[in-house]
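Student: I have a structure here, written as structure tokens, and I will follow up with some questions on it.
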Amino acid sequence: MCKSCYHCGEEVPVNTDFQVEILGSIREMCCPGCETVAQTIVDSGLVSYYQYRTAPAEKADLVPEQLRALVHYDNDDVQSEFVRNSDTTSEVTLSLDGVSCAACAWLIEKRVGSKQGVVSIRVNTTTHRALLAWNKDETKLSELLGEIHRLGYKAAPFEADKQESAYHEAMKQYLYRLGIAGLATMQVMMLAVALYLEVFGDLDAEFKNYFRWVSLIFATPVMLYSALPFYINAWRSIRGFTLGMDVPVSIAMIFAYVASLVATVTEQGEVFFESISMFAFFLLVGRFLEMRARRKAAAASGNLLKLVPAIATKLDGQQVPVKTLQIGDHIRVLPGEHIPADGLITLGRVHVDESMLTGESVPVVKKVGDAVFAGTLNGDESFNLEVTTSKADSMIANIVRLQDEAQLSKPKIAEIADTVARYFVGVILIIAVGTWLYWNNTRPDDAFWIMLAVLVATCPCALSLATPTALTCATSRMGHLGILLRKSHVFETLCKVNHLVIDKTGTLTHGDIVISEVERFQNIEESTLLSIAAALESYANHPIAKAFRPYYDANFYVTNVENIIGSGIQGDYQGQQVKIGSAEFVIHNAETTDSQSIFLSIDDIHVATFKYQDTIRQEAADFIRSFQNSGIKVTLLTGDSYANAQLVAKQIGISDVVAQAKPEDKLNFLRNLDSSDITMMIGDGINDAPTLAGAHLSVAMGGGTDVAKASADMVLLGDQLDRLLSARELALQTRKIIRENLAWSLGYNVLILPLAVAGLVAPYFAVVGMSASSIIVVSNSLRLLNEKGK
């Protein structure tokens, strides 16, 4: 039964908790506005209002309608589309509107991060997104979104289509503002020429004043409409007790306009309406171009989500929205369609183009029981699919989320740049005041405009953009290479790596192991031995375990299974203990040197030896050679036997081999390395997880276990080792471009500041210089989006 708001009588949305104690009872409220008004009435001693009122009050409008609507984001059904839950923590990617610089990000992170229940919030000024994690038992998503709104920004769960629409709307508004500023600039400049040069001869004071008033009329819409985004951003910063990039810009424009307005009204002094209009025009041009460039950098991950269709087809032919699909639903994917959801094939054998995930253009054959992923492209045959994950937990959603996480986790150099930029604005304001005081004593007529040039020319926008735009572009290129980043330090560490540590099975080899021979030692059928082995290995996810899958028989099942990582598996079959694994684990006092075999025992009696084969990846030798040629030491670290490890190492050119290593041995190997070694570990199995977590930089193969991928800094989705060579080249190029960006932005400010203080920079030139420096930095970063990254 729906509840009614005690204050206004409207329906109380589900999953909300707005309450006020009135007349001795807890009363339900529908929104924060009604809650605030009711509490105010009670606190003011006017509770008798509720005793004698004859009708519910008007709905409280202290809170805007857009804030009231936020409570619907607390609904579990609504959240299922975009919120990722784990235990008591929830996580969502937000789209932000109004974020313009590092100071905006700092303000949101500081204010929202201090709220009870917030685990973390990280803002990316390039993509205009934020990653918010909160404890759902302590606070609500609507309350946190409301806090962001109260800071002056708009926030909503990220949806690619909606953000695209918001972007186009923002660009349209910028074009309107730009058009008005441009038209006004042309008109005011014509009048300014007449005033300065007196082209119509000696103008009477009455006509001069008339031209000033006309200029005022043209410049006012520029100040009140075109330049409005700068004032809004500046006010947000000031209200949040921080200094954003638009603070000095807004101060300069307001001072210039007020001074010119006073001169016009009093008919004394100079007016510079043409400078104000030109100032706004150039700023808007620069901001417009900057937004387009940053949008290009941020679009890649969002475009991935657009590959997921909006409509899915049920088996009966009914078409339904993809967002309504539930786990367990069965749908049909037609030829040439993008797959609408992650799931398992239940009917059909098809070729699927997974290049958007792996970077590999060759279609992959998929058959019944195989997994397919949302956004990938079906070939020429239709197939049936059982949905296995929600939209929020799909592979493509996780890729976008992890890319956002990598971009949002700022490397040290970005944090330093943001801090410097914030304090630099304060220093500039102090220098500008000092500049005015000095020139007011020597050249009072020019003091104001020299101060104006200082405020504008030295705005550190380029400094704040130098690192995040480069990292965003580089992360996008990594995605095209089929590499998924999970941590932000990847680019920094990849440049420093001097020791490559690599696993063997499933990494240097394909991991597509097949059983080539069965050697029996007891009078037991070969098929029975294979089925018992398959039953045991069904509890493992190692590449060798996959070789037994074709022999799995549901009639053979084992109990009390225990997985001894690095050794093997044991369990009970028909009252007997069965073991499968290494010779040391299965056969007591074993002396075998057979490295390409796995052993099976029943009640400690050796009953079978299974010989297997695994082919080395075609690119493995060139991959190892390229790292060695770069001066990087290479170590093969494997749990396999020494003989088998040496066999592979010899074929691909690795001289340093550590074999028969258990998970703790692998981790100890890393810990015992020289402190000067910066390690990159590549692995794929559960036994590699501790080592992946302990390395300076870790890479998990895309076909590896979930545990390995969860422990890694990078995931190689297509399992192509040579992509890591391209990744290292990209990391080196990214470092170079970040250094170029920082050198340019810092160099520009160091050069322009003394010139502006000395009165050698005109205000309009200052605007052009500031905008150009930001555009140069962003354009330089966009080079990383090129296929060659050059």
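Numbering that gives the first Met the number 0 puts the sequence shown at residues 0 to 789.
Cβ atoms here follow ideal geometry from the backbone N, Cα and C, with glycine treated the same way.
With which residues is methionine 713 paired in a DSSP beta bridge?
Tutor: Partner(s): Leu484 and Val698.
Student: Let me know the secondary structure DSSP gives glutamine 732 once reduced to three states.
Tutor: If DSSP states are grouped into helix, strand and coil, glutamine 732 belongs with the helices.
Student: Mind checking whether phenylalanine 219 and methionine 277 have CB atoms under 8 Å apart?
Tutor: The question names phenylalanine, but residue 219 in the sequence shown is threonine. Going by C-beta atoms, threonine 219 is not nearer than 8 Å to methionine 277.
Student: In this structure, what does DSSP give as the bridge partners for alanine 311?
Tutor: DSSP output for alanine 311 lists Val319 as bridge partner(s).
Student: Inspect the CB distances between the segment 370–384 and the segment 340–347 and report whether three or more fall short of 8 Å.
Tutor: Touching, per the Cβ criterion.
Student: Below 8 Å between beta carbons: does that hold for aspartate 613 and threonine 504?
Tutor: Yes. Within cutoff.
Student: With a threshold of 8 Å, are at least 3 pairs of Cβ atoms found where one atom belongs to the segment 468–483 and the other to the segment 711–726?
Tutor: Flag = yes, the segment 468–483 and the segment 711–726 touch.
Student: Note down, in chain order, each residue of its chain lying with its Cβ closer than 7 Å to the Cβ of alanine 803, except the 5 sequence neighbours on either side.
Tutor: Absent from the structure is residue 803, since the part of the chain shown begins at 0 and ends at 789.
Student: Taking the beta carbon of tyrosine 550 as the centre, do at least 16 other beta carbons fall within 10 Å, making it buried, or is it exposed?
Tutor: Per the 10 Å Cβ criterion, buried.
Student: Closest to arginine 616 by CA distance: which of Asp502, Ser141, Asn439 and Ala154 is it?
Tutor: Ranking Asp502, Ser141, Asn439 and Ala154 by Cα distance to arginine 616 puts Asp502 first.
Student: Measuring CB to CB, does leucine 499 end up less than 8 Å from valine 633?
Tutor: Cβ distance < 8 Å, so leucine 499 and valine 633 count as in contact.
Student: Taking all protein chains shown into account, decide if aspartate 73 is buried (16 or more other Cβ within 10 angstroms of its Cβ) or exposed.
Tutor: That one is buried.
Student: Is the distance from the Cβ of tyrosine 611 to the Cβ of isoleucine 531 below 8 Å?
Tutor: Not a contact, by the Cβ cut-off of 8 Å.
Student: Can you tell me whether DSSP reads alanine 262 as helix, strand or coil?
Tutor: Here alanine 262 sits in helix by DSSP.
Student: Opposite serine 596 in the DSSP bridges: which residues?
Tutor: In the DSSP output, where bridge partners are listed per residue, serine 596 has Lys610.
Student: According to the neighbour-count rule (16 or more other Cβ atoms, all chains shown, within 10 Å of its Cβ), is tyrosine 538 buried or exposed?
Tutor: Tyrosine 538 is exposed by the Cβ-count criterion.
Student: Mind checking whether alanine 469 and serine 780 have CB atoms under 8 Å apart?
Tutor: Cβ distance < 8 Å, so alanine 469 and serine 780 count as in contact.
Student: What first and last residue would you give for the beta strand (DSSP E) that runs through glutamate 518?
Tutor: Start and end: 513–519.
Student: Taking the straight line between their C-alpha atoms, what separation do you get for glutamine 65 and glycine 145?
Tutor: Residue confidence is low: glutamine 65 scores 49 on pLDDT, short of 50, so the model does not pin down where it sits. No coordinate-derived value is stated.
Student: Using alpha carbons as the reference points, say which of Leu283, Val122 and Pro320 lies closest to lysine 171.
Tutor: Residue Leu283 is the option with its Cα nearest to lysine 171.
Student: Could you spell out the range, first to last residue, of the beta strand (DSSP E) harbouring glutamate 20?
Tutor: Where glutamate 20 is concerned, the enclosing beta strand (DSSP E) stretches over 17–21.
Student: Only counting runs of 4 or more residues, tell me where the alpha helix (DSSP H) segments fall wholly within the segment 203–286, in order along the chain.
Tutor: Runs found: 204–220, 227–238 and 245–265.
Student: Three-state secondary structure (DSSP) at valine 424?
Tutor: Reduced to three states, the DSSP call for valine 424 is helix.
Student: From alanine 765 to valine 46, what does the alpha carbon distance come to, in whole angstroms?
Tutor: Distance between the alpha carbons of alanine 765 and valine 46 is about 60 Å.
Student: If we ignore side chains and look at the alpha-carbon of each, how far apart do leucine 669 and valine 455 end up?
Tutor: The alpha-carbon atoms of leucine 669 and valine 455 are separated by roughly 52 Å.
Student: So, are the CB atoms of serine 249 and tyrosine 230 less than 8 Å apart?
Tutor: Closer than 8 Å, so yes.
Student: Look at the alpha carbon of arginine 722 and the alpha carbon of histidine 509, and state the distance between them as a whole number of angstroms.
Tutor: Their backbone Cα atoms lie some 15 Å apart in a straight line.
Student: May I ask you to verify whether the segment 261–273 touches the segment 140–157, counting CB pairs closer than 8 Å and requiring at least 3?
Tutor: No, the segment 261–273 does not touch the segment 140–157.
Student: Distance check for alanine 258 and leucine 107, CA to CA, integer angstroms please.
Tutor: The sequence shown places isoleucine at residue 107, rather than the leucine named in the question. Rounded to whole angstroms, isoleucine 107 to alanine 258 spans 34 Å at the Cα level.
Student: Nearest-angstrom Cα distance between alanine 757 and phenylalanine 447?
Tutor: One C-alpha to the other measures close to 13 Å.
Student: Which of the three DSSP states is assigned to phenylalanine 81 in this structure?
Tutor: Note: phenylalanine 81 maps to coil in three-state DSSP.
Student: Using the beta-carbon count (16 or more within 10 Å), is alanine 309 buried or exposed?
Tutor: Classification of alanine 309: exposed, given that the 10 Å Cβ count is below 16.
Student: Proline 362 to valine 349, Cα distance in whole Å?
Tutor: Rounded to the nearest angstrom, the two C-alpha atoms are 9 Å apart.
Student: Where does valine 453 sit, in a helix, a strand or coil, going by DSSP?
Tutor: If DSSP states are grouped into helix, strand and coil, valine 453 belongs with the helices.
Student: Nearest by alpha-carbon distance to phenylalanine 609: which of Lys578, Leu636 and Phe81 is it?
Tutor: Of Lys578, Leu636 and Phe81, the residue nearest in Cα terms is Lys578.
Student: Which residue marks the beginning of the beta strand (DSSP E) containing phenylalanine 382, and which one marks its end?
Tutor: From DSSP, the beta strand (DSSP E) with phenylalanine 382 extends over 382–386.
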